[in-house]
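Enquirer: Letter by letter, the sequence shown follows residues 304 to 633 in the numbering used here.
This is the structure I want to talk about, given as structure tokens.
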Amino acid sequence: MTTASVSGPVPEPGPEPVSGATGPAAGSAAGPVTGHGGRGASGPATLTATDLSLRFGATRALDGVSLRLRRGVTGLLGPNGAGKTSLLRVLATAVPPGGGRFTALGHDPGTASGRLALRRTLGYLPQNPGFHTDFTAFDFVDYVAILKELTDRSARLREVRRVLDAVDLSDVRGTRIKRLSGGMRQRVALAAALVGDPGFLVLDEPTVGLDPEQRMRFRELIAEAGEGRTVLLSTHLTEDVAMLCHRVVVLARGRVRFEGAPAELTARAAGRVWSSAERDPGALAGWRTGTGAFRNVGDPPKGADLLEPTLEDGYLLALDADGDSAAVTA
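Spelled out as structure tokens, the structure:
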């Protein structure tokens, strides 16, 4: 997958910010965690996509994708090659769809004016954010703020300080990116995505490569970001969805296999998960647990020892919604 980077000329790294710079601006969108990404959020759809398609040569990356997003955090689950990054790039206006259309926050990116308007209220964290590693954290976020057309210098610098404070990086804002840990670099990228207080935030696999402590802190930041805005979070970790998301979309082979609440996805596996001493050859998926027994998902045999379903069980069944067991890996 190609590395995405901030477009435009890369300036020479500027001086590190003065250590006495002021804190976040009043009215910061970020704040203490009061819930899980707007869990239970409702209201009108903020994004509606209809029959989106995208091809790369003979490869069909998206095949008739339709979905609706509302405020709060929606998880986008799918195996490698499912089309998650392709969908996020389309919704972030990085690439145009080959067919279909979508509107977001009242803007139609099918027109030049609508595309520009959406980009002004969009925050995008690609899977592999590109950094000029000689920049300080402050330099990089300030550069992104310039690209986002925050032209008033005083207001722009206040905004840069605000978003760095929101992701707990104020104390290292003068440190060059090449000296930061992987988790801190991800937080710099999230700060850049939050510049301008976007109404729509697109996050592509933001917790990949983070250790458990970093992942937990990043989830807290995403939950904060989900308060009052629309967030689409791509991940292959059902744990991310269970802890963060009020809705989930399952994508496989470029098609939507499920859209709804995480509890609804879990409920799909009720009565279809069982334990056995050996892996059941008739199971859709099965794996050995820490107890030594096998956990099986699919159509249980008569008299099977049924287990309580999890979100992961429902996810595996959703991947096989069309009877395409090749799409399921466990």
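Yeah, the Cβ is synthetic: ideal placement off N, Cα and C, and Gly gets one too.
The beta strand (DSSP E) spanning Val504 covers which residue range?
Expert: One point to set straight first is that residue 504 is Leu, not Val, in the sequence displayed. Counting along the chain, Leu504 sits inside the beta strand (DSSP E) bounded by residues Phe503 to Asp507.
Enquirer: If you draw a straight line from the alpha carbon of Pro501 to that of Ala526, how long is it in whole angstroms?
Expert: 15 Å
Enquirer: Closest to Thr377 by C-alpha separation, out of Leu391, Val444, Ala420 and Arg490, would be which residue?
Expert: Leu391
Enquirer: Taking the alpha carbon of Val393 as the reference point, which residue from Phe434, Asn383, Arg373 and Thr351 has its own alpha carbon closest?
Expert: Thr351
Enquirer: Going straight from the alpha carbon of Gly343 to that of Met546, what length do you get?
Expert: Note that Gly343 scores a pLDDT of 48, beneath 50, so its modelled location is shaky; the value from the coordinates is reported in the next line. Going by the C-alpha atoms only, they are around 13 Å apart.
Enquirer: At what residues does the alpha helix (DSSP H) containing Asp366 begin and finish?
Expert: No alpha helix (DSSP H) contains Asp366, which is instead part of the beta strand (DSSP E) from Thr362 to Leu372.
Enquirer: Buried or exposed, going by whether 16 or more other CB atoms sit within 10 Å of the CB of Ala395?
Expert: Flag for Ala395 reads buried.
Enquirer: Pull up the distance between the alpha-carbon of Ala420 and that of Phe503, whole angstroms please.
Expert: Inter-residue distance for Ala420 and Phe503 is about 12 Å (C-alpha atoms, whole angstroms).
Enquirer: Excluding the five sequence neighbours on either side, which residues of its own chain have a C-beta within less than 7 Å of the C-beta of Arg358, listed in chain order?
Expert: Ala364 and Gly401
Enquirer: Do you know how far the Cα of Ser369 is from the Cα of Leu620?
Expert: 20 Å
Enquirer: What are the partner residues of Thr353, as DSSP defines its beta bridges?
Expert: As a beta-bridge residue in DSSP terms, Thr353 pairs with Arg404.
Enquirer: Need the endpoints of the alpha helix (DSSP H) that Ala555 sits in, please.
Expert: Element bounds for Ala555: not the alpha helix (DSSP H) but the beta strand (DSSP E), Arg550 to Ala555.
Enquirer: Which whole runs of the alpha helix (DSSP H) in the stretch 457-529 are 4 residues long or more, in chain order?
Expert: 485-497 and 515-528
Enquirer: Please confirm if the stretch 575-583 is in contact with the stretch 546-565, defined as three or more CB-CB distances below 8 Å between the two stretches.
Expert: Three or more Cβ pairs closer than 8 Å define a contact, and the stretch 575-583 falls short of that threshold against the stretch 546-565.
Enquirer: Please classify Pro515 as buried or exposed, where buried requires at least 16 other C-beta atoms within 10 Å of its C-beta.
Expert: Of the other Cβ atoms in all chains shown, fewer than 16 fall within 10 Å of the Cβ of Pro515; this residue is therefore exposed.
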